[in-house]
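Report on the following structure.
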Amino acid sequence: MAVEETPVNSTTRNFEAANEGTDRATVRIIAPGRLHLGFLDLAGTLGRRFGSLGITLDRPSTVVRMQRAERLSASGPDAGRAVAAVEKAATRFGLDKAVEVTVESALPPHSGLGSGTQLGLAVATGLCLLRGRDISPREVGAALGRGARSSIGIGAFTEGGVILDGGKKRGSDAPPPILSRLPFPENWRILLVYDHAHQGLSGPEEVKAMEGLPPFADTLAGHMARLAVMVALPALAEADVDYFAAAVGEMQRLLGEHYASAQGGRYTSSSVAEVMDWLGARGLRGLGQSSWGPTGFAILGSPDEADQLIREARAHFGDRPALAFDCVRGSNAGARIEWLACVEQC
395 MAVEETPVNS TTRNFEAANE GTDRATVRII APGRLHLGFL DLAGTLGRRF
445 GSLGITLDRP STVVRMQRAE RLSASGPDAG RAVAAVEKAA TRFGLDKAVE
495 VTVESALPPH SGLGSGTQLG LAVATGLCLL RGRDISPREV GAALGRGARS
545 SIGIGAFTEG GVILDGGKKR GSDAPPPILS RLPFPENWRI LLVYDHAHQG
595 LSGPEEVKAM EGLPPFADTL AGHMARLAVM VALPALAEAD VDYFAAAVGE
645 MQRLLGEHYA SAQGGRYTSS SVAEVMDWLG ARGLRGLGQS SWGPTGFAIL
695 GSPDEADQLI REARAHFGDR PALAFDCVRG SNAGARIEWL ACVEQC
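Per our numbering, residue 395 is the first one in the sequence shown, and the count goes up by one each step.
And the structure:
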């Protein structure tokens with residue numbers, strides 16, 4: 395089995411060229427998870443609503459393997475959502491949907507890591523590749539209804555890093571434009587806190603919760619924008635973890651208070667909230683919850699700090715079977731495409 399890796403944003407992804415026309419070739423796509431650090435302006439009084447800051451993660455990730463087949467089929471975790479994404483992309487772009495999809499691994503659903511977007515982009519992109527169509531992930535995302543509020547997931551899929559998008563233009567259905575992409579420093583780490591007993595809001599419940607939020611004041615939007623553009627991003631560019639963490643933590647505090655009525659407090663999970671309080675008592679500032687959670691996170695400045703902290707967290711919360719901890723890096727690359735071309739005895 396020969397493997398040829400291709401960047402996701404390459405313009406040389408034609409199926410026939412990469413695989414010499416063999417019907418037995420397989421495409422494998424590894425799509426990264428992401429943290430959504432919050433919206434900057436939920437009111438959109440200046441004409442653009444939302445605006446987002448997010449971080450691409452080196453793990454966990456969604457991994458799908460696809461090949462042409464006689465009919466559409468899917469197996470593995472979230473197989474139903476994979477089928478739905480293939481069908482939607484096939485209808486939108488006029489493609490034959492007869493492919494076999496194997497979901498090797500999937501991001502935890504409704505956990506704040508972008509599971510639906512990454513799975514949808516991966517399988518729809520795979521379908522386009524297998525049919526010899528070079529369609530951008532942004533077009534694919536729009537066709538799937540992704541990017542309705544944020545382009546962080548699309549940016550994570552295409553290029554990785556720390557991403558700022560410019561919010562939705564009033565009256566437009568297009569995903570928000572990506573305004574900035576900066577690399578996540580190699581030495582920094584992110585502590586992820588999972589609560590496997592809870593899921594964040596999604597679908598109609600999420601829409602209802604968004605509609606029921608209190609008014610988002612212009613003063614709050616202005617403060618959020620300044621924190622993102624004038625503190626967090628400059629600190630990132632200068633690899634100043636203290637200022638970056640402080641800005642992210644303050645953004646998360648303000649948003650947590652704004653969302654409290656919809657999610658039962660600053661955090662969706664009371665167990666994750668307890669961990670965040672424990673981390674805060676230790677002096678950490680870059681704390682928060684990704685999207686609707688329940689996944690919590692802490693921004694850390696070194697591998698040694700992260701290793702020590704995760705050992706202590708696992709020991710301290712060892713009696714909570716639903717809680718899990720992981721120490722990850724930021725990813726400065728988007729999704730990876732691997733062509734698995736059969737050679738000799740495949």
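Even for Gly, the Cβ is constructed at its ideal location relative to N, Cα and C.
- Buried is the label assigned to glycine 514, since at least 16 other Cβ atoms lie within 10 Å of its Cβ.
- Of Ala568, Arg543 and Gly555, the smallest CA-CA separation from valine 534 is found for Ala568.
- The region 575-588 makes contact with the region 697-704: 3 or more CB pairs, one atom from each, lie closer than 8 angstroms.
- By the Cβ-count criterion, proline 598 is exposed, with fewer than 16 other Cβ atoms from all chains shown falling within 10 Å of its own Cβ.
- Assignment of aspartate 720 by DSSP, reduced to helix, strand and coil, places it in the strand class.
- Of the residues assessed, histidine 430 falls on the buried side of the cut-off, its CB having 16 or more other CB atoms within 10 angstroms.
- The beta carbons of arginine 428 and alanine 550 sit about 4 angstroms from each other, so the pair counts as a contact at 8 angstroms.
- Ranking Arg532, Leu521, Ala516 and Gln461 by CA distance to the CA of glycine 488 puts Leu521 first.
- The residue among Ala492, Leu595 and Leu649 with its C-alpha nearest the C-alpha of glutamine 461 is Ala492.
- Three or more pairs of CB atoms, one per stretch, sit closer than 8 angstroms, so the region 587-594 contacts the region 495-505.
- Going by DSSP, threonine 689 is part of no alpha helix (DSSP H) at all; its letter is neither H nor E.
- The beta carbon of arginine 532 sits closer than 7 angstroms to the beta carbons of Ile548 and Pro569 from its chain, once the five residues preceding and following it are set aside; these are given in chain order.
- Going by beta carbons, aspartate 435 and methionine 645 fall outside the 8 angstroms limit.
- Taking serine 685 as reference, the option from Trp672, Pro426 and Ser446 with the minimal CA-CA separation is Ser446.
- Within the same chain, Arg443, Phe444 and Pro570 come within 6 angstroms of lysine 562 by CB-CB distance, once the 5 residues on both sides are set aside.
- Given a length threshold of 3 residues, each whole run of the beta strand (DSSP E) inside the region 479-552 is given here in chain order: 493-499.
- When secondary structure is reduced to three states using DSSP, serine 446 falls in the strand class.
- Scanning the region 618-689 for uninterrupted alpha helix (DSSP H) segments of 4 residues or longer gives 627-631, 635-657 and 664-675, listed from N- to C-terminal end.
- Collapsing the DSSP output to three states places aspartate 612 in a helix.
- Residue environment: valine 556 is assigned as buried (16 or more neighbouring CB atoms within 10 Å of its CB, all protein chains considered).
- Within the same chain, and ignoring the five residues on either side of isoleucine 704 in sequence, the residues whose Cβ sits closer than 8 angstroms to its Cβ are Leu585, Phe719, Asp720 and Cys721.
- Beta-bridge pairing by DSSP links leucine 586 to Phe691 and Asp720.
- If the five residues before and after proline 608 are omitted, its C-beta is found closer than 8 angstroms to the C-beta atoms of His652 and Ser655, all from its own chain and listed in chain order.
- By the CB criterion at 8 angstroms, valine 457 and alanine 468 fall outside the cutoff.
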